[in-house]
Structure formats: structure tokens, C-alpha cells
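Taking it in order: structure first as C-alpha cells, then the write-up.
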Amino acid sequence: MEEIVIADFLIVLYVFIRVLSMFVAAPVFSNTSIPPLGKIFLAMVIAYITFLTINKTNLVLDANLYSIAFNVIKEIITGYIMGFMLNFVFMAISYAGHFIGFNMGLMFAEVLNPFEETSGNIMGDVVYYGAIMIFILINGHHYLIQGVVASFSVVPIGKYAITQPLIDLLIKYSFSVFTIAIKIASPILVSFFLIHIAEGIIARVIPNIQVFFITQPLKIGVGLLLMVSLIPIYMYMIKILLQGYQDKLTEIINAMSV
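Just add 448 to wherever you are in the sequence shown, counting from 1, and you've got this note's numbering.
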């Protein structure tokens, strides 16, 4: 009876560690505005519910200290990878907003992004917060919880998660950050490229004119007008990107089991 109790406790502990590690790395859940005790309590509830649903018949867990420490480390890595992978999408969205703000001339208007705990221009934060709102509206937080719960059937407790296919996928997704950012920002980048060409022509034709002071209000006005007109397109693009995360999460989990 004592061995059964110890085995069940270890299973709940490992499940709790994986879920909590995912919360620490994933966007929204990792936000400092969410109290740590709230994250721990939510992770404990999910761990207990998951413990009641997973197949425990084939699990053989050693109760010695070295085995427990090694399995805890592996669960931390597994949960952290699943949570951190979503950051690639939000990094690309934030980077695209930074591109837009830079071209609008708002590089000096920096504000703090409390989600990433970094400073960026205003447009970058506007796009980032919009992505967070869309993420919640499409129940992206449910995808994360469903993914970490489903991972126990594909990557059993104590299984080594770092494989070559996993490393290849992480490299592939990290390289896509810049590509996604350019795709999101490209309509405004092209428009401002034409404005910059016009600035150069004016500066050559009328050397004494202060082009910067004349075109800066124009660039901000045009940028805001373009942002407002492109809101439906951006919402659709960000929604597709975030919904595609569910398929990427499935690929990541499957790669861990190879």
C-alpha cells in the first residue's frame, strides 16, 4: 500500500512539474500580473485531473533521490519547450510592430511591454496586445492546456524529450520569426519605402528644406491611417498564425517521442 501511495505521489509531482514549467514559459500564463500562487494552484488542479485520466499501468518509477531529480529535470525541459515554442509567434508579431513603428518615426516613443519585460515603440506594443487579445478570443490558452495534457500519452513521464527531430523543428520555427515579421509589416513597409524615396527626391531638388520636419507628421498620419485600414487583415493574419500553433504543438510533441 505504501509503495502505491509513493508511486501515485511521484506521478502527480511529475505531471505538476511539466504543467508548471509550461506556464512559466508560455505567453499570457507567464505574465507577471498573474500571481505565482495562482499559477501553482492552477497547475496543481490540472495535474490532479490529468493524473486521473492518464494510463499509469506501464509507468515504472524509481523512488530514489537521483532518479526523482533526473525525472524532474526532464519534465521541466518538456514543459518549458511546449510553452516557449508559442513565444516564436509573439516575437514575430512584436518584431513586425517594431518595424512599423520604426518606419513611422516612433523609435523615440518607447514604452514598457510588461508581457516580455522589454521596451519597444508604441506600435509594437499595440500589435502585440492585439495578438494577446486574439489569442484569448480563439481560446489559445485552451490549446496550451490541452497540448500539455495530451503530451503525457505521447511523451510518457520520465521519457527523454530532446531528440534530433525536435532540435530541427525548434531551429526551423526560430528562423521563421523574421519571415513572419516581414510578412505582417510588408504592406506598411512598402508604403513607407515610397515615402522615403519621395523624401530623397525632395532633399535633392530643394537642398535647403528640412525634409525631416516636413515629412515626419505626414509619416505618422499615413502610418496611423494604414494601420486602421489594415486592422481586419492583421486580425485575420494573426488569427491564422495562432491557430497554426496547434498543429506546430502537435509536431513538437510527436518529435519528442521519436
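Glycine is no exception: its CB is placed at the ideal position from the N, C-alpha and C atoms. Computed from a predicted model, the values in this text were never measured in an experiment.
For L697, the enclosing alpha helix (DSSP H) covers residues I679 to M704.
S677 counts as exposed, since fewer than 16 other C-beta atoms from the protein chains shown sit within 10 angstroms of its C-beta. The beta carbons of V602 and S469 sit no closer together than 9 Å.
Ranked by how close their Cα comes to the Cα of H589, the residues F457, N479, A540 and L461 have N479 in first place. Exclusion of the five residues before and after L614 leaves A703 and M704 as the residues of its chain whose Cβ lies within less than 6 Å of its Cβ.
Cβ contact annotation for S542 (same chain, cutoff 6 Å, sequence separation greater than five): G572 and Y576, in chain order.
With distances taken between CA atoms, I701 lies nearest to G531 out of I582, G531 and G671.
Its Cα nearest to that of N535, the residue L618 stands out among K607, L618, G553 and L458.
Spanning the alpha carbons of D616 and I494 requires a straight line of approximately 30 Å. Spatial neighbours of A473 in its own chain (CB-CB distance under 6 Å, excluding positions within 5 residues in sequence) are listed in chain order as Y528, G531 and F532. Sequence-distant partners of T698 (beyond 5 residues in either direction) whose C-beta falls short of 8 Å from its own C-beta, in its chain, are G595. The beta carbon of I516 sits closer than 6 Å to none of the beta carbons in its chain outside the five residues before and after it. Selection K522, M581, P665 and L642 evaluated against P475 yields M581 as nearest (Cα-Cα). In the three-state reduction of the DSSP assignment, Q658 falls in the coil class, being assigned neither a helical nor a strand state. I548 places its beta carbon less than 9 Å from that of G671. Rounded to whole angstroms, the gap between the alpha carbons of I645 and P665 is 16 Å. By the Cβ-count criterion, Y514 is exposed, with fewer than 16 other Cβ atoms from all chains shown falling within 10 Å of its own Cβ. Contact between I688 and K667 does not hold, since their C-beta atoms are separated by about 29 Å, which reaches or exceeds 8 Å. For the 9 Å CB-CB criterion, F457 and A491 do not form a contact. Residue range L513 to F532 is occupied by the alpha helix (DSSP H) that includes T526. Around the C-beta of V537, 16 or more other C-beta atoms lie within 10 Å, and the residue is accordingly described as buried. Exposed is the label assigned to G669, since fewer than 16 other Cβ atoms lie within 10 Å of its Cβ.
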